[in-house]
Amino acid sequence: MMKPSFRKRPVSTFVLLSLLLLVTVFASAMVGSPGVDISFTRVIGIIISGLPGVGKMLPEYSGSHVIIIREMRLPRILLGVVAGIALSVSGTSMQGIFKNPMASPFILGVSAGAAFGAAASIVLGLGIYVLPVVAFASAMGTALLVFALGRIHGKTDVATLLLAGLAVNFLMQSLTAYLIYLSPPEKRTSIIFWMWGSFNGTIWRDFWVVLPVVVAGIFVVYVFYRELNVLQLGDESALHLGVEVEKTKLILLAASSLLAAVVVSFTGIIGFVGLIIPHATRIITGPDHKKLIPAAALTGGIFMVLCDTISRASGEIPIGIITGLFGAPFFIYLLLRSRGKTGW
Amino acid sequence: MVKLEIKNMYAGYDRKHVLKDINMKVNQGDFLGIIGPNGCGKSTLIRAITGVVDYIRGDILLDGISVREMRRKDIAKRAAVVPQNTFIGFPFTVWEVVLMGRNPYIGRFESLKEEDYELAHRAINITGIEKLKDRRVNTLSGGELQRVVIARAVAQDPELLLLDEATAHLDIGHKIEVMDMIKKMNREEDVTVVSVHHNLDIAARYCDRLILMDKGRIRTMGEPEKVLTPGHLRAVYGIEAEVHENPRDGTLYISPIERKEIYRTFGKRVHVICGGGTGGKLLTALVDEGYGVSAGVLNIMDTDLERAEFLDVDVVAEAPFSHVSRERQRDNIRKIEEAETVILTDFPVGPGNLSNLTDGMKALDMGKRVIMLDRTGMENRDHTGGEATAIHRQMCERGAISVPSLKAVTDMLG
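Chains L and R, in that order, give the protein sequences.
Here the working numbering is used: the first residue of the first sequence is 128, the next is one more, and so on.
Here the working numbering is used: the first residue of the second sequence is -2, the next is one more, and so on.
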């Protein structure tokens, strides 16, 4: 029996991207604020000797480099990986649900909701531990509101959902802008910086909080990869192929919004990744979600770490600015290269 | 073996009935066509069969099981649908789309098996799209894409194939090609086909049986020769048409002559006094024969009234379960004046509708031809204590013609 030729490819793509991610992580750990670069071998040594059970076999590393790598760069880089993965998978799923490559993880108002929550926390002086909790609550609350508005007669109509999202996004943005307008200059700066996103000051706790949520969210989305494919034939055809369309959409919308919300609550708003990475990956892997989801996840992780490295090396330019600045030209390049081959 | 059975089924959206009282049976290996004007509920019928639209009353049985009680995947294993057009969101390859037809058979944590690939290949061979296999769907023409969608449905390995105007957008060459392919599957693989058609010639050519729908109801069903009659085409589509037989293979084809705007004025006028379900068949027969038909006085919720409204018959209606008022009686007499012939069916007579019977007497006074259908004997349906029977006898004496069957009524008119 003839097997389809593409069956071998996703594995090699997957391995390649995984290796690339690993290299990016190590390379990124070498780079820091201007003047604090650490050699590749030393980075590897410090990271590996820090792994449980390995430490005694290697010479003990000491000094400020150990602190910098283990306590500052590593949690930050790993959160970057997880955030990149989460936003890409969320975007892939949203684009699949909406059958539209323009959909983003923030389509249900997650980012605008999180921003409002964060701004309110800053204005009220709630402190850095409470802020992510408030931002997350506000993000999920906003998504639920959009979702409730977007349902007609118990059915999720994507066009209505899109419009409801647009309206609620504007509402939350205006509320946030009003808070910024009311606040004193130093708080104003904090809010604006938060809204541009940053991994600066990440601690291990952040990573450990975000990781399980992201793992769970990605598991849910990936389990539905076949439904995401069949949905591309249209809702009715999907029903005719045995997909519980309504249930599938509900679960995927919830998982995708959760993925985006947990990330932005800790990092601030990082746009572009969730919109462009799935799109760019699709140009390379094709639209089959079985390959697309893992490939987009890894690409998102790599891209996020690269952008954060640039951010760190450039004296903490907010990452939300970097992702667009470096991502957009790359995306335009991909578009031009693929034009006329796959349609979009 | 009965593949699909629909019993007294009502379905619709937002409590509005789009389908009313649908009854039909499809046997294994049938090739059934559903025809009817725009908005008659053809597509909704297909959607009800696959559980996309829920039905309000009655039942739909697939292989003897109510579709309402079946899981979506179980429906999808039995019935595949080819819609009129398919827009595919992202540029999948043809092979990927055909493989999606296997979705109902794959569990959540399973992957495609050898059998799935085999059946997808078979579907590609049957539909003759081997050359398109690695193309991306956004590069295909409309005809090519439709064949891919059919291949996807074939990969579903269905016993029932539902086509919802599947060839409407194809040029005549592709139409014939696709329908020939489906006919072949029907003959050789014993796939049961239920297909909605706009094109009556295509329907007549390929379907063994036709269902003609109008305003959400089944108007008539049977072999194409019985369904595609000038009378039916006039009544349902409002066209004057000739139906010819193709000398080559005996299939029918239609040549429309003109569209009659008000076909009700065509032919002689007949007024039918009926009720309680005694007049439904007669009304249908008269409309199909091309008579200008009116009816009265019927209570709202009477099945005869529902039938009359369905047929667009000019009807005098009275409030539900109440006595016929003087106003409605006057309206009824006015309709009698306009008609040449008045037919009274064998409706049960009580105090509430005794005036319907006396209106028949007035028709005789006016010199109209009065035909009385009487299959049951007046005394058996007289709930007035003998008064109705007396009037009935009197009417017969004064020249009303009493006939024992529906056919006798139509024969008298003819």
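Positions of the beta carbon are idealized from the N, C-alpha and C atoms, including for glycine.
These numbers come from a predicted model, not from an experiment.
Per-residue burial, Met298 (chain R) [other beta carbons within 10 Å of its own, 16 or more giving buried]: exposed
Nearest CA to the CA of Ile3 (chain R): which residue from R:Ala385, R:Ile208, R:Lys180? R:Ile208
Could you confirm whether any beta carbon from chain R is found closer than 9 Å to the beta carbon of Arg315 (chain L)? no
How about Pro202 (chain L) and Ile330 (chain L): do their beta carbons lie closer than 9 Å? yes
Among L:Ser301, L:Leu206, L:Leu293, nearest to Leu272 (chain L) - alpha-carbon criterion: L:Leu293
Going along chain L, which residues have a C-beta under 7 Å from Ile85 (chain R)? Gln359, Leu360
Neighbouring residues, chain L, relative to Lys70 (chain R) (Cβ below 8 Å): Gly369
Within 10 angstroms of the Cβ of Asn35 (chain R), are there 16 or more other Cβ atoms? Answer buried if so, exposed if not. exposed
On the criterion of 16 or more Cβ atoms from any shown chain inside 10 Å, does Glu334 (chain R) qualify as buried, or is it exposed? exposed
Closest Cβ-Cβ distance between Val191 (chain R) and chain L: below 9 Å? no
Relative to the C-alpha of Gly349 (chain R), which candidate in R:Lys181, R:Val151, R:Gly272, R:Lys212 has its C-alpha closest? R:Gly272
Cutoff 9 Å: Pro414 (chain L) Cβ touching any chain R Cβ: yes
Please identify the residue among R:Leu295, R:Lys332, R:Glu303 whose C-alpha is closest to the C-alpha of Val346 (chain R). R:Leu295
Proximity to Pro232 (chain L) [Cα-Cα], best of L:Ala388, L:Gly361, L:Ala291: L:Ala388
Length of the line joining the Cα atoms of Val295 (chain L) and Val336 (chain L): 28 Å
Give the interface partners of Ser364 (chain L) over in chain R, defined as CB-CB distance under 7 Å, in chain order. Pro80, Thr83
Determine the extent of the alpha helix (DSSP H) in which Asn296 (chain L) is found, giving its start and end residues. 285 to 309
Apply the 10 Å Cβ neighbour rule to Thr373 (chain R) and answer buried if 16 or more other Cβ atoms are within range, or exposed otherwise. exposed
With distances taken between CB atoms, is the gap from Lys376 (chain L) to Ile224 (chain L) smaller than 9 Å? yes
Residue ranges of each alpha helix (DSSP H) within the stretch 342 to 382 of chain L, 4 or longer: 352 to 358, 362 to 367
Just to confirm, is the Cβ distance from Ser383 (chain L) to Gly218 (chain L) under 9 Å? yes
Using C-beta distances below 6 Å, list every residue in its chain close to Lys70 (chain R), excluding the 5 sequence neighbours before and after it, in chain order. Pro101
Give me the chain L residues within the contact set of Asn100 (chain R), using Cβ-Cβ distance strictly less than 9 Å, ordered along the chain. Arg353, Glu354, Asn356, Val357, Ala365, Leu368, Gly369, Val370
Rank R:Ile368, R:Ala148, R:Val191, R:Ala117 by C-alpha distance to the C-alpha of Ile31 (chain R) and give the top, closest one. R:Val191
Contact under 9 Å by Cβ, Ile251 (chain R) with Phe344 (chain R): no
CB contact below 9 Å: Lys282 (chain L) versus chain R: no
Kindly list, in the order they appear in chain L, the residues whose Cβ is closer than 8 Å to that of Thr124 (chain R). None at all; the shortest Cβ gap to chain L is about 16 Å.
Just reading off the alpha helix (DSSP H) that Arg119 (chain R) is part of, what are its end residues? 111 to 123
Chain R residues whose Cβ lies nearer than 8 Å to that of Arg409 (chain L): Phe87
Quick check: the Cα distance between Cys204 (chain R) and Glu376 (chain R), rounded to an integer number of angstroms? 47 Å
If you run the structure through DSSP and keep just helix, strand and coil, what is Tyr52 (chain R)? strand
For Gly396 (chain R), which of R:Met363, R:Asp408, R:Glu115, R:Ala385 has the nearest alpha-carbon? R:Met363
Could you list the residues in the stretch 210 to 234 of chain L with a C-beta less than 9 Å from some C-beta on chain R, going in chain order? Gln222, Gly223, Phe225, Lys226, Asn227, Pro228
Span separating the alpha-carbon of Ile437 (chain L) from that of Val357 (chain L): 39 Å
Am I right that Gly429 (chain R) and Ala76 (chain R) are in contact with their C-beta atoms under 8 Å? What's the rounded C-beta distance? This structure cannot settle anything about residue 429 (chain R), because the visible part of chain R is limited to -2 through 411.
Using only alpha-carbon positions, find the residue among R:Pro244, R:Asp246, R:Thr217, R:Arg245 that is nearest to Ala232 (chain R). R:Thr217
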